[in-house]
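Engineer:
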Amino acid sequence: MIIELIPVIEITNYDNNIPLPPNGPYWEYSEDWENYHRQTNVEAGYSKDLKSYSKGSSLYQINEISDADLLKLIQKEIDVQQSEDNLGIEDLVSPFNGGYILKIDGINTYFPQCCSDLGDIEEWNDLLDEEENNFYMGHPSPRIKKDQNKITFDFLNSEIQENYCPPILADYLTVDKEKLEIAIQEAKKKLDIFAKKLIKINES
Numbered sequence: 187m188i189i190e191l192i193p194v195i196e197i198t199n200y201d202n203n204i205p206l207p208p209n210g211p212y213w214e215y216s217e218d219w220e221n222y223h224r225q226t227n228v229e230a231g232y233s234k235d236l237k238s239y240s241k242g243s244s245l246y247q248i249n250e251i252s253d254a255d256l257l258k259l260i261q262k263e264i265d266v267q268q269s270e271d272n273l274g275i276e277d278l279v280s281p282f283n284g285g286y287i288l289k290i291d292g293i294n295t296y297f298p299q300c301c302s303d304l305g306d307i308e309e310w311n312d313l314l315d316e317e318e319n320n321f322y323m324g325h326p327s328p329r330i331k332k333d334q335n336k337i338t339f340d341f342l343n344s345e346i347q348e349n350y351c352p353p354i355l356a357d358y359l360t361v362d363k364e365k366l367e368i369a370i371q372e373a374k375k376k377l378d379i380f381a382k383k384l385i386k387i388n389e390s
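As structure tokens, this is what we get:
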């Protein structure tokens with residue numbers, strides 16, 4: 187089993203002059219939603235090179251976002267947070283919306299859900315703690331079961347009974363703890379590189 191944990195940021199723009207695709211969800215009408223996101227992103231000031239993680243989605247790998255697009259994202263985040271909470275720039279501490287895609291043997295298995303963000307890396311890290319059984323990556327989130335060196339995600343009996351988007355292919359998923367730990371460490375390395383990139387942009 188090859189496990190990857192891929193950090194992604196959600197970038198969503200809406201434009202009243204660009205009609206929404208008539209059909210959804212995006213994973214069933216990926217071409218329509220991909221075109222829509224591309225048009226609205228460009229209209230919002232992002233580059234044409236901004237490419238979603240999977241066609242039609244609004245999730246983007248942190249290591250594939252250009253400096254120019256990242257600067258635009260930061261400016262938008264500042265505008266949103268200041269308008270909502272009347273904060274100064276020094277108070278803007280909320281992580282970017284998005285989270286982590288769990289990829290098993292090359293298959294995207296579990297996507298971040300509503301209200302998830304990059305700060306949820308701590309939730310993944312807590313899975314390695316034998317005494318910790320709570321897990322949150324937005325809602326809904328699976329229940330967790332641990333048995334020696336195995337961790338099982340129970341998607342069927344989520345505390346909040348909502349549909350997963352995109353749908354989960356199986357009710358239960360069991361992974362090797364040591365392999366998951368390696369994936370978490372690799373995700374942290376990407377976060378570290380991303381943080382240094384943010385600092386560089388801030389100083390330029």
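Counting the sequence shown from 1 gives a position; this note's numbering is that position plus 186. Ideal Cβ placement from N, Cα and C applies to all residues, glycine included.
Let me know the secondary structure DSSP gives E276 once reduced to three states.
Structural biologist: Here residue 276 is taken as the residue at index 90 of the sequence shown, counted from 1. With a pLDDT of 45 at E276, under the threshold of 50, the modelled position of that residue is not reliable, and the figure given next carries that caveat. DSSP places E276 in helix when its eight states are reduced to three.
Engineer: Per DSSP, G285 is paired with what?
Structural biologist: For this step, residue 285 is matched to residue 99 along the sequence shown. According to DSSP, which records beta bridges pairwise, G285 is partnered with V194.
Engineer: Just mark N214 as buried or exposed, buried being the case when its beta carbon has 16 or more other beta carbons within 10 Å.
Structural biologist: Along the sequence shown, read from residue 1 onward, the residue named residue 214 stands at position 28. Residue identity check: residue 214 is Glu in the sequence provided, not Asn. It counts as exposed.
Engineer: Excluding the 5 residues preceding and the 5 following E220 in the sequence, name in chain order all residues of the same chain whose CB lies nearer than 7 Å to its CB.
Structural biologist: Stepping through the sequence shown from its first residue, residue 220 is reached at position 34. Here the set comprises S238, K241 and G242.
Engineer: For L236, which three-state DSSP category applies?
Structural biologist: As a position in the sequence shown, residue 236 is number 50, starting the count at 1. Coil.
Engineer: Note down, one range per segment and in chain order, each beta strand (DSSP E) of at least 3 residues found wholly within the stretch 298-333.
Structural biologist: 329-333
Engineer: Residues bridged to D476 by DSSP?
Structural biologist: Examination of residue 476 is not possible in this model, given that the chain is present from 187 through 390 alone.
Engineer: Identify the residues that DSSP records as bridge partners of I189: which are they?
Structural biologist: Within the sequence shown, residue 189 is the residue found at index 3, counting from 1. Answer is I290, bridged to I189.
Engineer: Short of 8 Å in beta carbon distance, which residues of its chain neighbour Q347, apart from the five on each side in sequence? Order them along the chain.
Structural biologist: Stepping through the sequence shown from its first residue, residue 347 is reached at position 161. P326.
Engineer: When you compare each of F380, I195, G284 and N311 to S302 by their alpha carbons, which one comes out closest?
Structural biologist: Residue mapping note: residue 302 aligns to position 116 of the sequence shown, counting from 1. Nearest C-alpha to S302: G284.
Engineer: Rounded to the nearest angstrom, what separates I387 and L359 at their Cα positions?
Structural biologist: Sequence index remark: in the sequence shown, residue 387 carries index 201 (1-based). Sequence index remark: in the sequence shown, residue 359 carries index 173 (1-based). Their Cα atoms are separated by approximately 39 Å.
Engineer: Measuring alpha carbon to alpha carbon, tell me which of I385, I197, L304 and L366 ends up nearest G231.
Structural biologist: By one-based count along the sequence shown, residue 231 stands at place 45. Minimum Cα distance to G231 is reached at I197.
Engineer: If you drop the 5 nearest sequence neighbours on each side, which residues of the same chain put their C-beta closer than 8 Å to that of A356?
Structural biologist: As a working mapping, residue 356 is identified with position 170 in the sequence shown. Result list for A356: F341, in chain order.
Engineer: By how many angstroms is the C-alpha of I330 removed from the C-alpha of F339?
Structural biologist: Sequence index remark: in the sequence shown, residue 339 carries index 153 (1-based). Sequence index remark: in the sequence shown, residue 330 carries index 144 (1-based). Cα-Cα distance, rounded: 5 Å.
Engineer: Helix, strand or coil for Y393? Go by DSSP, reduced to three states.
Structural biologist: This structure gives no information on residue 393, because the portion of the chain shown stretches from 187 to 390.
Engineer: State the Cα-Cα distance for the pair L278 and G305, rounded to the nearest angstrom.
Structural biologist: By 1-based counting over the sequence shown, the position of residue 278 is 92. By 1-based counting over the sequence shown, the position of residue 305 is 119. Residue confidence for L278 is low, a pLDDT of 48 falling below 50, so the modelled location carries little weight and cannot support an answer.
Engineer: Using the three-state DSSP reduction, which class does L257 fall into: helix, strand or coil?
Structural biologist: As a position in the sequence shown, residue 257 is number 71, starting the count at 1. Note: L257 maps to helix in three-state DSSP.
Engineer: Helix, strand or coil for Y246? Go by DSSP, reduced to three states.
Structural biologist: Position 60 of the sequence shown holds residue 246. Looking at Y246 - three-state DSSP - the assignment turns out to be strand.
Engineer: Throw me the rounded Cβ distance for the E263 and L314 pair, which I believe falls under 8 Å.
Structural biologist: Translated into the one-based positions of the sequence shown, residue 263 becomes position 77. Translated into the one-based positions of the sequence shown, residue 314 becomes position 128. At roughly 30 Å, the Cβ-Cβ gap does not stay under 8 Å, so E263 and L314 are not in contact.
Engineer: State the CB to CB distance for the pair K382 and N249, rounded to an integer number of angstroms; the pair is presumed to be in contact (CB under 8 Å).
Structural biologist: On the sequence shown, residue 382 is found 196 positions in, with the first residue counted as 1. On the sequence shown, residue 249 is found 63 positions in, with the first residue counted as 1. Their Cβ separation, rounded to whole angstroms, is 12 Å, which puts K382 and N249 out of contact at 8 Å.
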